[in-house]
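See structure below.
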Amino acid sequence: MAGIANRFGLVAASVVVAALAACSSNKAPSRVPVEDRSGTMTKPAGAPAVPDVKPLPGAENAGKPGYYTIRKGDSLMRIALDTGQAWRDIARWNGIDNPNQIEVGQVLRVVPPVGAAAVSAAAPAIAEPPGVAVTRPVTSSSVTPGTVTQGAAPAASAPAPSAAATAAPAPAPAPSPAPAAAVGEDELVFIWPTNGVLLAGFDEAKNKGLDLAGKPGDPVLAAADGRVVYAGAGLRGYGNLVILKHNNTYLTAYAHNQTLLVKEDQSVRKGQKIAEMGNSDADRVKLHFEIRRQGKPVDPAKYLPGR
Numbered sequence: 000m001a002g003i004a005n006r007f008g009l010v011a012a013s014v015v016v017a018a019l020a021a022c023s024s025n026k027a028p029s030r031v032p033v034e035d036r037s038g039t040m041t042k043p044a045g046a047p048a049v050p051d052v053k054p055l056p057g058a059e060n061a062g063k064p065g066y067y068t069i070r071k072g073d074s075l076m077r078i079a080l081d082t083g084q085a086w087r088d089i090a091r092w093n094g095i096d097n098p099n100q101i102e103v104g105q106v107l108r109v110v111p112p113v114g115a116a117a118v119s120a121a122a123p124a125i126a127e128p129p130g131v132a133v134t135r136p137v138t139s140s141s142v143t144p145g146t147v148t149q150g151a152a153p154a155a156s157a158p159a160p161s162a163a164a165t166a167a168p169a170p171a172p173a174p175s176p177a178p179a180a181a182v183g184e185d186e187l188v189f190i191w192p193t194n195g196v197l198l199a200g201f202d203e204a205k206n207k208g209l210d211l212a213g214k215p216g217d218p219v220l221a222a223a224d225g226r227v228v229y230a231g232a233g234l235r236g237y238g239n240l241v242i243l244k245h246n247n248t249y250l251t252a253y254a255h256n257q258t259l260l261v262k263e264d265q266s267v268r269k270g271q272k273i274a275e276m277g278n279s280d281a282d283r284v285k286l287h288f289e290i291r292r293q294g295k296p297v298d299p300a301k302y303l304p305g306r
């Protein structure tokens with residue numbers, strides 16, 4: 000009986016071992032993650048194609064002197080004012096046809112290329128910046144005598160001198176005396192753009208110029224000889240604005256006008272009426288006047304004569 004029992008136990012054990020083996024053979028084998036060390040990544044089947052990201056124009060010049068990286072909220076007009084340049088010149092240097100199409104992160108040249116003039120004599124056909132106001136056409140009365148205008152007829156030739164007049168050459172004129180007080184190459188002598196009383200003085204953080212009181216229609220005068228590099232309403236907070244470029248160092252800005260009497264690329268003379276005072280984009284009638292030295296606002300009171 001003991002032998003039968005032992006054989007029965009062996010058979011039972013064999014059945015259990017066979018069952019366990021069968022169960023283990025049906026279990027899916029575990030997979031060890033494979034690490035890709037080839038340096039490439041295989042795109043999963045059916046995944047959408049990822050377009051190549053192209054660098055923005057001028058990215059290779061980021062951080063270099065003479066270049067500006069566009070930030071959120073910038074406009075070409077604002078960049079031009081803050082760098083002391085004409086917006087059309089910046090557009091030309093960077094091959095920009097539409098000043099409204101600039102991107103955050105784009106890098107712009109804001110100084111003239113070597114051999115290029117900082118102030119262009121004839122601006123290319125470039126779209127106007129947003130919000131440009133319609134300016135009143137310039138009449139003949141608003142052109143200062145002595146200003147050369149396009150299409151002007153040449154002066155009549157003087158009659159040829161007689162033989163007697165050419166027999167003895169006239170003595171050379173004496174040299175003009177040197178000015179009593181010499182100024183730097185790009186330094187200027189400014190005049191007040193209006194006679195209004197001072198409402199607010201210069202504050203680099205809050206008020207980048209002087210606010211001067213007046214009545215609607217009061218004349219706004221050019222503070223120095225220059226060229227109009229902007230006339231419009233495309234710069235928020237300034238209303239109807241005129242910007243004059245005087246040389247490679249100085250700009251002046253005249254804001255909140257009701258009427259603009261000049262247009263871009265026009266040459267103006269010191270004391271010429273360029274606008275009429277108003278309250279565009281302001282809480283009252285006033286002239287906001289700025290002097291910018293290489294794009295940086297400076298206190299106009301330090302450059303204007305005493306009253």
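So for the sequence shown, numbering that gives the first Met the number 0 puts the first residue at 0; every next one is plus one. For every residue, glycine included, the Cβ atom is placed at its ideal position computed from N, Cα and C. Since this is a predicted model, take the numbers as computed values, not measurements.
Any non-hydrogen atom of the ligand GDP closer than 7 Å to R91 Cβ: Among the ligands in the structure shown, none appear at all, so the ligand GDP cannot be discussed.
Nearest-angstrom Cα separation, counted from Y253 out to R320: Here the chain comprises residues numbered 0 to 306, so residue 320 is not present and cannot be evaluated.
Looking at C-alpha atoms only, which residue of G213, G225, N278 is the closest neighbour of Y237? Numbered from its first residue, the sequence shown carries residue 237 at position 238. Y237 has its Cα closest to that of N278, out of G213, G225, N278.
Secondary structure at S119, three-state DSSP: helix, strand or coil? Stepping through the sequence shown from its first residue, residue 119 is reached at position 120. Note that S119 has pLDDT 43, beneath the 50 cutoff, so the model's placement of it is unreliable and the number below is only indicative. In the three-state scheme derived from DSSP, where H, G and I count as helix and E and B as strand, S119 is classed as coil.
So which of A232, N246, R291 has the shortest CA-CA distance to K262? The count along the sequence shown starts at 1 and reaches residue 262 at position 263. The shortest Cα separation from K262 among A232, N246, R291 belongs to A232.
Using a threshold of 8 Å, state whether the C-beta atoms of Q105 and I78 are closer than that. Numbered from 1 along the sequence shown, position 106 holds the residue referred to as residue 105. Numbered from 1 along the sequence shown, position 79 holds the residue referred to as residue 78. Going by C-beta atoms, Q105 is not nearer than 8 Å to I78.
Start and end of the alpha helix (DSSP H) containing A90? By one-based count along the sequence shown, residue 90 stands at place 91. Run containing A90: 86 to 92, per the alpha helix (DSSP H) assignment.
Contact check, L80 vs I89, beta carbons under 8 Å: As a working mapping, residue 80 is identified with position 81 in the sequence shown. As a working mapping, residue 89 is identified with position 90 in the sequence shown. No, Cβ-Cβ distance for L80 and I89 is not below 8 Å.
Looking only at its own chain, which residues have a Cβ that is under 8 Å from the Cβ of K71, when we skip the five neighbours before and after it? Here residue 71 refers to the residue found at position 72 of the sequence shown. Contacts found: V103.
Report yes if the CB atom of A223 is closer than 8 Å to the CB atom of L259, and no otherwise. Counted from its first residue, the sequence shown places residue 223 at position 224. Counted from its first residue, the sequence shown places residue 259 at position 260. No. Outside cutoff.
Three-state secondary structure (DSSP) of P296: Counting from 1 along the sequence shown, the entry for residue 296 is found at position 297. P296 carries a strand assignment under DSSP once its states are collapsed to helix, strand and coil.
Measuring CA to CA, which of A230, P218, R108 is closest to L286? Mapped onto the sequence shown, residue 286 falls at position 287. Among A230, P218, R108, the Cα nearest to that of L286 belongs to P218.
Give me the residue from K207, F189, A212, K63 with the minimum Cα distance to L198. Within the sequence shown, the letter at position 199 stands for residue 198. The shortest C-alpha separation from L198 is found at A212.
Endpoints, beta strand (DSSP E) assigned at R226: For this step, residue 226 is matched to residue 227 along the sequence shown. That run of the beta strand (DSSP E) goes 225 to 231.
So D264 packs on V227, CB below 8 Å; how close in whole Å? Reading the sequence shown from its first residue, position 265 is the one you call residue 264. Reading the sequence shown from its first residue, position 228 is the one you call residue 227. Contact holds; Cβ gap of about 6 Å.
Given a threshold of 16 other Cβ atoms within 10 Å of its Cβ, counted over all protein chains shown, does N194 qualify as buried or as exposed? To locate residue 194, count along the sequence shown from 1; it is residue 195. By the C-beta density criterion, N194 is exposed, having fewer than 16 other C-beta atoms within 10 angstroms.
If you follow the beta strand (DSSP E) that R268 is part of, which residue opens it and which one closes it? Within the sequence shown, the letter at position 269 stands for residue 268. Where R268 is concerned, there is no enclosing beta strand (DSSP E), given that its DSSP letter is neither H nor E.
Do P192 and F288 have their beta-carbon atoms positioned less than 8 Å apart in this structure? Translated into the one-based positions of the sequence shown, residue 288 becomes position 289. Translated into the one-based positions of the sequence shown, residue 192 becomes position 193. Against a cut-off of 8 Å, the Cβ pair of P192 and F288 comes out as a contact.
At the level of alpha carbons, what is the spacing between H245 and Y66? Reading the sequence shown from its first residue, position 246 is the one you call residue 245. Reading the sequence shown from its first residue, position 67 is the one you call residue 66. Spanning the alpha carbons of H245 and Y66 requires a straight line of approximately 22 Å.
Less than 8 Å between C-beta atoms, sequence neighbours within five positions excluded: which residues of the same chain meet that for E203? Along the sequence shown, read from residue 1 onward, the residue named residue 203 stands at position 204. Taking C-beta separations shorter than 8 Å and ignoring five residues to either side along the sequence, the partners of E203 in its chain run P296, following chain order.
Neighbour-count burial assignment, V241, 16 or more Cβ in a 10 Å radius: In the sequence shown, the residue the question calls residue 241 occupies position 242. The Cβ neighbour count for V241, taken over all protein chains shown within 10 Å, is at least 16; the residue is labelled buried.
Taking just the CA atoms, how far does P56 sit from K63? Counting from 1 along the sequence shown, the entry for residue 63 is found at position 64. Counting from 1 along the sequence shown, the entry for residue 56 is found at position 57. Cα-Cα distance, rounded: 14 Å.
Give every residue of the same chain whose Cβ lies closer than 8 Å to the Cβ of R306, excluding the five residues on either side of it in the sequence, and list them in chain order. Residue 306 sits at position 307 when you count from the first residue of the sequence shown. Excluding five sequence positions before and after R306, the CB atoms of its chain that fall closer than 8 Å to its own CB belong to W191, given in chain order.
Taking 8 Å as the cut-off, decide whether the C-beta atoms of I290 and F189 are in contact. In the sequence shown, residue 290 corresponds to position 291, counting from 1. In the sequence shown, residue 189 corresponds to position 190, counting from 1. Yes, Cβ-Cβ distance for I290 and F189 is below 8 Å.
Considering Cα atoms alone, identify which of N97, G200, L107 is closest to K301. Position 302 of the sequence shown holds residue 301. Ranked by Cα distance from K301, the first of N97, G200, L107 is G200.
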